[in-house]
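Participant: Top line first, the protein sequences correspond to chains A and B.
Okay, so the first sequence: first residue is 737 according to our numbering, each after it adds one.
Okay, so the second sequence: first residue is 737 according to our numbering, each after it adds one.
This is the structure I want to talk about, given as structure tokens.
2 protein chains.
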Amino acid sequence: MGKNLTSRAENYSKWYNDLIVKADLAEHSAVKGCMVIKPYGYAIWEKMQATLDKMFKDSGHVNAYFPLFIPKSFFSKEASHVKGFAKECAVVTHYRLKNSDDGKEIVVDESARLEEELIVRPTSETIIWNTYRNWIQSYRDLPILVNQWANVVRWEMRTRLFLRTAEFLWQEGHTAHAGREEAVSETLKMLNIYAEFAEKHMAMPVIKGVKTESERFAGALETYCIEALMQDGKALQAGTSHFLGQNFAKAFDVKFTNKEGVQDYVWATSWGVSTRLMGALVMSHSDDEGLVLPPKLAPIQVVIVPIYKTPEERQATLEAASKIKQELQSRSISVKTDERDTHTPGWKFAEYELKGVPVRIGIGPRDIQNQTIEVARRDTKEKSTYQVVDAALKIEHLLEQIQDNIYKKALSFRETKTFSADTYEEFKEMLKHGGFVLAHWDGDPGTEGKIKEETSATIRCIPYENRKEEGKCIYTGKPSAQRVLFAIAY
Amino acid sequence: MGKNLTSRAENYSKWYNDLIVKADLAEHSAVKGCMVIKPYGYAIWEKMQATLDKMFKDSGHVNAYFPLFIPKSFFSKEASHVKGFAKECAVVTHYRLKNSDDGKEIVVDESARLEEELIVRPTSETIIWNTYRNWIQSYRDLPILVNQWANVVRWEMRTRLFLRTAEFLWQEGHTAHAGREEAVSETLKMLNIYAEFAEKHMAMPVIKGVKTESERFAGALETYCIEALMQDGKALQAGTSHFLGQNFAKAFDVKFTNKEGVQDYVWATSWGVSTRLMGALVMSHSDDEGLVLPPKLAPIQVVIVPIYKTPEERQATLEAASKIKQELQSRSISVKTDERDTHTPGWKFAEYELKGVPVRIGIGPRDIQNQTIEVARRDTKEKSTYQVVDAALKIEHLLEQIQDNIYKKALSFRETKTFSADTYEEFKEMLKHGGFVLAHWDGDPGTEGKIKEETSATIRCIPYENRKEEGKCIYTGKPSAQRVLFAIAY
């Protein structure tokens, strides 16, 4: 296993890219801006999907599927929506290829031009609300609580694996409600589900809050978000939940008859998380030796490496491995035994470190004699010797401890990297070292824009669980009712 | 529930479309040729996906994800492949929209034209084999057993919900092997998995076989398939598994060093099933009252309808419903109680008939008194009275019986609709009544073409478990070694 990872200290960005590629999570494809998600990376994404999908269904949502393509005219119907997405749209203009006249190459058949261009969906509000118009007549048809797992395309010039790619995978929830309050409450419910997923499953602490106007989703009245802090001190938006008001209902003429028999426009929300979470997961926990995966999302939770020299030792260690594997599996723990004799135990140790397997078991001839196994945890790299007799139970607890420890470590990192600035000078100084900076802001988008221009920092959110505290804007000195959360972000 | 389904006898094609729409499976979208899969339809697809995914994983496959877009030049690399797909490709030519000069509409930004056009994948052999080139150096890197769940686009002018749509959902397996035999064996293994899924889960009998040259996948050496017979006597290709030889390895220069240290091209297979299976499922079992779903794929296996007049009766029946629901759920049976008081029991009965729920339970005041429930099965429409005390166990068995009965009914239908023709006149006469016709064919694609032209029948496959039987081609009288399976197909 030629690891040769660049260290985080040396070059964080290169460390990230190296790690994604070397740990077999993903790679750049031949199509500019698009990635290939490799089997190991996809297995983590599948675990994320399964967990989220269950959370969505347990909270009353159902899945459906809407078209990949959106007629261009649909975009024009919600003014701020098209403004937000027009600059990054992949456009389908033709529906046929043919041989060139000289027969030497394949060319676009100009006679097969579409009457109206189709946009590859960057998000599906427009096509979905156009569909909802036919699904909704009365309050009895509401709420509609639909989610879609899909690929979307936003043309990006500068891409980074998982964090920013032209095509990415995501889920997008699109709900329709009879009243404003119900819609707002759905928006917040989903924000809380995202936060719970991030913290309990990804072991990634997040700050819940609401976006300022300039950071809002194109077409939303309010955008709520969860924000996480990466190890380089940059913030990452990990999920968003939008209260769309009646904007899309008005744009697509979706009305319902309420209980009083009066017609009104339908209220909407949308919410999504994407394969970007894979990048967040990697950057939250991993180290210079490789990935550190929280047990709840690790495709392999425990790997067993047999250590032997002779064929007899091989047989004995494999037998012992098989027993412990069965015991772990009966506790619903996913286990792999690496039986390959083409690689040394040392090579394998390094490989599973790189791949972030939470617990590694070594079994050698002396262990067989002593009825023990050697247990190494990936997060702290501590090693212990366990008696075989109660090993499975102890490993089950160990996995819980690791999940917990990774979360606490990330939380403590965030706490040491969250600052309060009272002056603009302080603010700029703090930003140099990375992290979240809580500071007063006068509420003016102009001020926000200037701070961004001068420091690259943006307001990540107005934290949802915020202490009200009067103060003065660090930039203009104007009065402010609370601190907002600034950071330089991905 | 205003059913008003057209009957099958009256207009089979309209019956199918009505049913898909009225049972809330899918509908046409605003985008020509693309469908919306509605929550109830998507829930069935999710069950199909989950079952297939487990079968793939249990047989050693892993999932991954490759780009939606394929550079146009990739298509030209495998000659027969491009020939097969060029005429139905959605082509992305631009990556930006802008405001028109008069500011009144949104137009394609001509300055944002792609250097090379991108094709929305109709299938992913080319992008995947271009990727595999970097994954494979030696025999140690083989086999690669990868599957992808994805959307694909094949521009179709005449579309039908689920059966033929411009965009559809599917899975595509793409495997790479060190030897021909291993690849052939993988091709057949997957064919068998598809057949098992069709018969055991969809309750749809299939005939396994190999396609003739003219029906082969573009780029394959052999295409194996499963063919099912629909109730109107038309055949439907339900899944294909392709032995691709070294065609794509040669086109994309994918070589490996074998155990002897010699370089060779890699051997390939690909295999897929799609949302077309949803259409096959509907057309295999459903009747003039609505869907008939096999219990293994039914999102709701048992529905409970309480029957009451007074509030006291309502409470009592709901309590009884809740008890039986819990007992069924503890046996992993999915149950819904329809508590709505906005609809009559009769309306609900019709609705769940339309939606194909395998078992319906009615509980009224007299049932409460007698400690009984009324159980109606959807497939035969038989009703029985069960004692509450052992109802759950009996319903569990009933679901198995229904699964079995639906399969047997479809099998017996196919048997009565499978004919042997010895002359062309007989052949044409048999085709008039629909069904499979086994007949001798001289092996010449020209003959096959003429028969198709004159009768619309195609060779669905050369059945895999075929009795060798010498005879004479029904069209040319030339010698033939076995009968092949003809039908008019979807």
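C-beta: ideal position from N, C-alpha, C; glycine also.
(1) Below 7 Å on C-beta distance, what does A:Glu-853 contact in chain B?
(2) Taking C-beta pairs closer than 7 Å, name the residues in chain A that B:Ile-773 reaches, listed in chain order.
(3) Roughly how many whole angstroms lie between the Cα atoms of B:Phe-1163 and B:Thr-1183?
(4) Can you tell me the Cα-Cα spacing of A:Met-926 and B:Ala-1004, whole angstroms?
(5) Show which residues of chain A have a CB atom less than 8 Å away from the CB atom of B:Pro-807.
(6) Under the assumption that B:Ala-919 contacts B:Pro-941 (Cβ atoms under 8 Å), give the Cβ distance between them as a whole number of angstroms.
(7) Can you tell me the Cα-Cα spacing of B:Met-737 and B:Gln-973, whole angstroms?
(8) Just grab the DSSP bridge partners of A:Asn-835 for me.
(9) Are B:Ala-912 and B:Ile-864 touching if we call contact CB-CB under 7 Å?
(10) Going by DSSP, name the residue or residues bridged to B:His-978.
(11) Quick check on the burial criterion: 16 or more other C-beta atoms within 10 angstroms. Buried or exposed for A:Gly-839?
(12) With a cut-off of 7 Å, does the C-beta of B:Arg-832 fall near any C-beta of chain A?
(13) When DSSP builds the beta bridges, which residues end up paired with A:Gly-722?
(14) Anything in chain B within Cβ reach of A:Cys-770, meaning under 8 Å, just list it in chain order.
(15) Who are the Cβ neighbours of B:Thr-1121 in its own chain at under 7 Å, not counting the five residues just before and after it?
(16) Counting only Cβ pairs nearer than 9 Å, list the residues of chain B close to A:Trp-891.
(17) Assuming contact is defined by CB atoms lying nearer than 7 Å, are B:Gly-1092 and B:Leu-1033 in contact in what I supplied?
(18) How long is the line joining the alpha carbons of B:Ala-1223 and B:Gly-1171, rounded to whole angstroms?
(19) So with Cβ pairs under 7 Å, would you call B:Lys-1072 a contact of chain A?
(20) Name the chain A residues that come within less than 7 Å of B:Val-818, Cβ to Cβ?
(21) Measure the C-alpha to C-alpha separation of B:Ile-1060 and B:Ile-1131 and round it to an integer number of angstroms.
(22) Between which two residues does the beta strand (DSSP E) containing B:Gly-945 stretch?
(23) Please compile the residues from chain B whose C-beta is within a distance smaller than 8 Å of the C-beta of A:Ala-779.
(24) So which of B:Pro-1215, B:Ile-1195 and B:Thr-742 has the shortest CA-CA distance to B:Ala-971?
(25) Note down, in chain order, every chain A residue with its Cβ under 7 Å from the Cβ of B:Asn-928.
(26) Drop a sphere of 10 angstroms on the beta-carbon of B:His-1133, count the other beta-carbons inside from all chains shown, and report buried for 16 or more, exposed for fewer.
(27) Starting from B:Phe-1155, follow its DSSP beta bridges and name the residues at the other end.
(28) Check distances from the C-beta atoms of the stretch 897–924 of chain A to those of chain B and list, in chain order, the residues that come in under 9 Å.
(29) Strictly under 7 Å for the Cβ-Cβ distance: is B:Cys-825 near chain A by that measure?
(30) Do B:Phe-1149 and B:Val-1173 have their C-beta atoms within less than 7 Å of each other?
(31) Of all the CB atoms in chain A, is at least one closer than 7 Å to the CB of B:Val-828?
(32) Within 10 angstroms of the Cβ of B:Lys-1186, are there 16 or more other Cβ atoms? Answer buried if so, exposed if not.
(33) For the beta strand (DSSP E) containing B:Leu-1221, list its first residue and its last residue.
(34) Checking contacts by CB at 7 Å: is B:Trp-1128 closer than that to chain A?
(35) Counting C-beta neighbours from all protein chains within 10 Å, is the total for B:Gln-1238 16 or more, i.e. buried, or is it exposed?
(36) Residues of chain B with CB closer than 8 Å to the CB of A:Thr-895, please, in chain order.
Facilitator: For this structure:
(1) In the first sequence, counting from the first residue as 1, residue 853 of chain A sits at position 117. Near A:Glu-853 (Cβ distances below 7 Å), the residues of chain B are Val-844.
(2) Numbered from 1 along the second sequence, position 37 holds the residue referred to as residue 773 of chain B. Listed by position along chain A, the residues whose Cβ is nearer than 7 Å to that of B:Ile-773 are Ala-800 and Tyr-801.
(3) Position 427 of the second sequence, counted from the first residue, corresponds to residue 1163 of chain B. Position 447 of the second sequence, counted from the first residue, corresponds to residue 1183 of chain B. Looking at the two C-alpha atoms, the distance is approximately 14 Å.
(4) Locating residue 926 of chain A in the first sequence gives position 190, where the first residue counts as 1. Locating residue 1004 of chain B in the second sequence gives position 268, where the first residue counts as 1. Separation of A:Met-926 and B:Ala-1004 (C-alpha to C-alpha, rounded to the nearest whole angstrom) is 44 Å.
(5) Walking along the second sequence from the start, residue 807 of chain B turns up at place 71. Under the 8 Å cutoff, chain A gives Ala-766 and Val-767.
(6) On the second sequence, residue 919 of chain B is found 183 positions in, with the first residue counted as 1. On the second sequence, residue 941 of chain B is found 205 positions in, with the first residue counted as 1. The Cβ separation is near 28 Å, so there is no contact.
(7) By one-based count along the second sequence, residue 737 of chain B stands at place 1. By one-based count along the second sequence, residue 973 of chain B stands at place 237. Because the pLDDT at B:Met-737 is just 44, under 50, the model does not fix this residue reliably, and the point stays unresolved.
(8) In the first sequence, counting from the first residue as 1, residue 835 of chain A sits at position 99. Answer is A:Ile-842.
(9) If you number the second sequence from 1, residue 912 of chain B lands on position 176. If you number the second sequence from 1, residue 864 of chain B lands on position 128. The answer is no: Cβ separation not under 7 Å.
(10) By 1-based counting over the second sequence, the position of residue 978 of chain B is 242. DSSP lists B:Thr-959 and B:Ser-1006 as partners of B:His-978.
(11) Position 103 of the first sequence holds residue 839 of chain A. It counts as exposed.
(12) By one-based count along the second sequence, residue 832 of chain B stands at place 96. With 7 Å as the cut-off, B:Arg-832 counts as an interface residue toward chain A.
(13) This structure cannot settle anything about residue 722 of chain A, because the visible part of chain A is limited to 737 through 1226.
(14) Working through the first sequence from its first residue, we reach residue 770 of chain A at position 34. Against A:Cys-770, the close residues of chain B are Pro-803, Leu-804 and Phe-805, in the order they occur along the chain (beta-carbon pairs closer than 8 Å).
(15) On the second sequence, position 385 is the one that residue 1121 of chain B refers to. Thr-1108 and Glu-1110, listed in sequence order.
(16) Indexing the first sequence from 1 puts residue 891 of chain A at position 155. Tyr-831, Arg-832 and Ala-848, listed in chain order.
(17) By 1-based counting over the second sequence, the position of residue 1092 of chain B is 356. By 1-based counting over the second sequence, the position of residue 1033 of chain B is 297. No.
(18) Taking the second sequence and counting its residues from 1, the one referred to as residue 1223 of chain B is at position 487. Taking the second sequence and counting its residues from 1, the one referred to as residue 1171 of chain B is at position 435. Answer to the nearest angstrom: the Cα atoms are 6 Å apart.
(19) Position 336 of the second sequence, counted from the start, is the residue given in the question as residue 1072 of chain B. Judged by the 7 Å Cβ criterion, B:Lys-1072 is not in contact with chain A.
(20) As a first step, residue 818 of chain B must be located in the second sequence, where it is residue number 82. Under the 7 Å cutoff, chain A gives Ile-842.
(21) Start at 1 with the first residue of the second sequence, and residue 1060 of chain B comes out as number 324. Start at 1 with the first residue of the second sequence, and residue 1131 of chain B comes out as number 395. Going from the Cα of B:Ile-1060 to the Cα of B:Ile-1131 covers about 11 Å.
(22) Against the second sequence, residue 945 of chain B aligns to sequence position 209. Per DSSP, B:Gly-945 belongs to the beta strand (DSSP E) from 943–946.
(23) In the first sequence, residue 779 of chain A corresponds to position 43, counting from 1. Within chain B, the residues whose beta carbon sits less than 8 Å from that of A:Ala-779 are Val-798 and Asn-799, listed in sequence order.
(24) The residue you call residue 971 of chain B lines up with position 235 of the second sequence. The candidate whose alpha carbon is nearest that of B:Ala-971 is B:Ile-1195.
(25) In the second sequence, the residue the question calls residue 928 of chain B occupies position 192. Residues of chain A whose Cβ lies closer than 7 Å to the Cβ of B:Asn-928 do not exist, since the nearest Cβ in that chain is about 23 Å away.
(26) Translated into the one-based positions of the second sequence, residue 1133 of chain B becomes position 397. Classification for B:His-1133: exposed.
(27) Here residue 1155 of chain B refers to the residue found at position 419 when the second sequence is read from its first residue. Per DSSP, B:Val-1173.
(28) Of all residues in the stretch 897–924 of chain A, Ala-902, Glu-903 and Leu-905 have a Cβ within less than 9 Å of some Cβ in chain B.
(29) Counting from 1 along the second sequence, the entry for residue 825 of chain B is found at position 89. Proximity of B:Cys-825 to chain A, defined by a Cβ-Cβ separation below 7 Å, is satisfied.
(30) As a first step, residue 1149 of chain B is located in the second sequence; it is residue number 413 there, counting from the start. As a first step, residue 1173 of chain B is located in the second sequence; it is residue number 437 there, counting from the start. Not in contact: B:Phe-1149 and B:Val-1173 (Cβ atoms no closer than 7 Å).
(31) In the second sequence, the residue the question calls residue 828 of chain B occupies position 92. Output row for B:Val-828: interface = yes.
(32) Residue numbering aside, residue 1186 of chain B sits at position 450 when the second sequence is read from its first letter. B:Lys-1186 is exposed by the Cβ-count criterion.
(33) As a working mapping, residue 1221 of chain B is identified with position 485 in the second sequence. Here the beta strand (DSSP E) through B:Leu-1221 covers 1219–1223.
(34) For the purposes of this step, residue 1128 of chain B is taken as residue 392 along the second sequence, with counting starting at 1. For the sequence presented, residue 1128 of chain B should be read as Ala rather than Trp. The beta carbon of B:Ala-1128 sits no closer than 7 Å to any beta carbon of chain A.
(35) Residue 1238 of chain B is absent from the structure shown; chain B starts at 737 and stops at 1226.
(36) Position 159 of the first sequence holds residue 895 of chain A. Chain B residues near A:Thr-895: none, gap ~12 Å exceeds 8 Å.
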